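Residue numbers (the numbering used here): 49 to 360.
Below is the structure:
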C-alpha cells in the first residue's frame, strides 16, 4: 500500500478534531494486518495512532477489533487504546481505517534490555493479570467472536482439530511441509486427550512484548496498556501464551515467573497446562507457516518450518 498523502491524514484527523493540525506523521514498522502511523497534533496537543487495515474485509476483522476494544474497556478495566473514529466507507481511503488514542510509554520489547530484574518481574505480573482479565470474557463457540468462523464449535477439541487440519491441508497443497510431517502433526493432535476446556474465552490473539506498552514511574516500570487486537477470537487460554513461552520468556525467565504469578491470581491453570501449551505451540507454528506463504513472507514461513522441527 502506498504512503497516505499528508492532506488525507489531515482530513481524517479533522473528522475527530475539526480544528486540529497534524504536526508530525511517522509510519511505524512493517505490519502484516495493518499500517500504523504515529500522529502528533496541535489544537489539541495530543498523540494518536492512525491504523489502516490491509487484510481482506470480508471477515470484518477491522470492525471486530473496534468492537472488541470497546467491550474490553467497558468490561475488564484492561487499559487499551480508545477508538476515536472508525471508517469503513471507502471514501477517504480505499480500505477501512481507525483513529486510536496512543498508549503512554514505549513497547516492552524496546525497554526490556534496560530493565532491572525486579521491574521485569512486576511487568510480567501485570501482563499476567491483564491477560487473565481478558480470559474471563467468555464466548459461546470456539472460533467466533463478532466475526463468525465456518469451523466454529462449542467444543474445544472439535474446533482445534478442524482449524489445524485446514492449515495442514494448505501446507500440504502448497508443499510447505512434507507429507510425512503433515501426517505426524495430524496424529499428534488426534491423540491429544486434554482438549477439554469447558467454554471458550476471548483471546487477544497476538499477545507478546511488542503489543504491551510500559512506562517508568516512581517505583519502577508498569504496564500502561495492551494493543493489537486484530486477531482476537474465542478460543483457548494457551493459544494466547504461545508467543511468550518459548520466545521472550526464554530470554527473561523472571518475566515468566511474574506472568504466571499474576495470571494464576485470577485464573487457574489446567492440570495439563504444559501439555496443552506445547500442542498450541505446534498449532501456532503450523498457522504461521501457511500464513507466511499466504502473504508472501518466505522468511516467516521458513522460520516456523524450522520451529516445527524443534518442537516435534
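All residues carry an ideal CB built from backbone N, CA and C; glycine is no exception. Bear in mind that the values here come from a model prediction, so they are computed numbers and not experimental data.
Distance between residue j and residue i (C-alpha atoms, nearest Å)
i           : j           : result
residue 105 : residue 345 : Only weak support exists for where residue 105 lies, its pLDDT of 48 falling under 50; the value from the coordinates is given anyway. Those two C-alpha atoms are separated by around 20 Å.
residue 54  : residue 75  : 12 Å
residue 335 : residue 267 : 40 Å
residue 312 : residue 176 : 8 Å
residue 316 : residue 56  : 48 Å
residue 250 : residue 109 : 15 Å
residue 116 : residue 145 : 15 Å
residue 292 : residue 236 : 22 Å
residue 131 : residue 186 : 22 Å
residue 190 : residue 200 : 5 Å
residue 94  : residue 227 : 54 Å
residue 206 : residue 254 : 22 Å
residue 310 : residue 172 : 7 Å
residue 257 : residue 178 : 13 Å
residue 353 : residue 139 : 41 Å
residue 326 : residue 277 : 23 Å
residue 223 : residue 238 : 22 Å
residue 160 : residue 289 : 18 Å
residue 275 : residue 234 : 33 Å
residue 51  : residue 245 : 44 Å
residue 61  : residue 241 : 52 Å
residue 84  : residue 102 : 10 Å
DSSP-derived helix/strand/coil call for residue i
i           : result
residue 309 : helix
residue 176 : helix
residue 318 : coil
residue 300 : coil
residue 188 : coil
residue 329 : helix
residue 105 : Residue confidence for residue 105 is low, a pLDDT of 48 falling below 50, so the modelled location carries little weight; the figure read from the coordinates is stated next. Here residue 105 sits in coil by DSSP.
residue 151 : coil
residue 69  : strand
residue 346 : helix
residue 170 : helix
residue 214 : helix
Residue from the options with nearest C-alpha to residue i
i           : options            : result
residue 283 : 192, 121, 233      : 192
residue 198 : 214, 186, 183      : 214
residue 259 : 127, 111, 114      : 127
residue 143 : 152, 255, 111      : 111
residue 157 : 196, 114, 299      : 299
residue 279 : 114, 141, 70       : 114
residue 209 : 338, 81, 328, 86   : 328
residue 65  : 148, 352, 119      : 148
residue 434 : 354, 359, 343, 357 : What is shown of the chain runs 49 to 360, which leaves residue 434 out entirely.
residue 232 : 220, 243, 174      : 220
residue 247 : 338, 223, 183, 301 : 183
residue 165 : 270, 332, 302, 348 : 302
residue 212 : 332, 350, 61, 271  : 332
residue 170 : 69, 270, 63        : 270
residue 263 : 358, 153, 204      : 153
residue 119 : 181, 73, 89        : 181
According to DSSP, residues forming a beta bridge with residue i
i           : result
residue 84  : 99
residue 74  : 86
residue 134 : 146
residue 195 : 193
residue 201 : 190
residue 94  : 89
Which ranges does the beta strand (DSSP E) cover as unbroken runs of at least 3 residues, wholly within the region 231-290, from first to last along the chain? 249-251, 260-265, 268-274, 281-283
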